[in-house]
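Quick notes on the structure that follows.
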Amino acid sequence: MGIRPAIFKWRQTEPGLILCAVRWYLRYSLSLRDVEELLEERGLHVDHTTVWRWVQDYGPELEQRLRRHLKPTNKSWRVDETYVRVQGRWCYLYRAIDSPGATIDFLLSAFRDTDAAKRLFRKTLGDRSHPQPQVINTDLAPIYSSAIPDSKKEGTLRNSGRLGERFKATKQST
2 MGIRPAIFKW RQTEPGLILC AVRWYLRYSL SLRDVEELLE ERGLHVDHTT VWRWVQDYGP
62 ELEQRLRRHL KPTNKSWRVD ETYVRVQGRW CYLYRAIDSP GATIDFLLSA FRDTDAAKRL
122 FRKTLGDRSH PQPQVINTDL APIYSSAIPD SKKEGTLRNS GRLGERFKAT KQST
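Okay, here's the thing in structure tokens:
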């Protein structure tokens with residue numbers, strides 16, 4: 002038997018099976034009981050709550066390790082916000098999307114204000130796989146007309162030479 006990675010210390014199940022179960026749950030629209038049934042077909046009797054614990058333990062670790070291998074986003078962003086209900090409470094969903102339509106990042110906030118928009122920029126640009134945008138298209142909400150210059154002053158958004166002047170607030174076509 003080979004050496005187990007430290008992340009799987011004290012686990013009785015083989016690391017390959019744990020990763021397979023977590024991947025199935027995260028990648029496909031399967032329920033925990035579906036994953037339990039698939040593992041049972043392969044001879045591993047695991048309860049769905051154990052699969053849930055594996056997803057909670059190893060999901061964030063997988064995301065962190067795989068993030069750097071994802072295709073980086075481009076430098077043309079579209080940002081907007083919408084009002085959604087999450088667990089019975091209404092909140093604002095802020096999204097940053099690149100021009101092909103891939104989600105760059107999102108943020109849930111209780112308030113629709115400049116601070117939430119700046120938090121979205123800080124969160125998004127904190128990840129190395131997202132380059133500094135050259136163009137930011139907005140839905141012309143007033144919060145972005147103050148959030149973008151404030152983020153430039155803070156240093157979150159680059160403000161060097163002509164690049165800083167190329168940020169635009171244009172109406173998105175829906």
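Residue numbers 2 to 175, in our numbering, belong to the letters of the sequence shown in order.
We put the CB at the ideal spot given by N, CA and C, even for glycine.
For T104, no alpha helix (DSSP H) segment is defined; the enclosing uninterrupted segment is the beta strand (DSSP E) at T104 to S110. Your pair Y84 and L121 does not check out as a contact, with CB atoms roughly 15 angstroms apart and the cut at 8 angstroms. 8 angstroms or more divides the Cβ of I144 from the Cβ of A111. Separation of R68 and D81 (C-alpha to C-alpha, rounded to the nearest whole angstrom) is 23 angstroms. Taken through DSSP and simplified to helix, strand or coil, V56 comes out as helix. The continuous beta strand (DSSP E) containing Y95 extends over residues R90 to D99. The shortest C-alpha to C-alpha distance from N138 to any of V47, K76 and D114 is the one to K76. Judged by beta-carbon spacing, T115 lies beyond the 8 angstroms limit of D140, meaning their Cβ atoms are not closer than that value. Going by DSSP, E82 is part of the beta strand (DSSP E) stretching over S77 to V87. Where V47 is concerned, there is no enclosing alpha helix (DSSP H), because DSSP gives it neither an H nor an E. Distance from the Cα of D128 is smallest, within the candidate group R113, A148, Q135 and F107, for F107. Cβ-Cβ separation between L31 and Y59: approximately 16 angstroms, too far for a contact (criterion under 8 angstroms).
In this structure T125 is buried. Its beta-carbon is surrounded by 16 or more other beta-carbon atoms within 10 angstroms.
Taking P6 as the centre and dropping the five residues before and after it, the same chain places the C-beta of P16 closer than 8 angstroms to its C-beta, in chain order. Sequence-distant Cβ neighbours of T50 in its own chain, meaning closer than 8 angstroms and more than five residues away, are L33.
A check of alpha carbon separations from K153 across H131, R123, A142 and W55 identifies R123 as the nearest.
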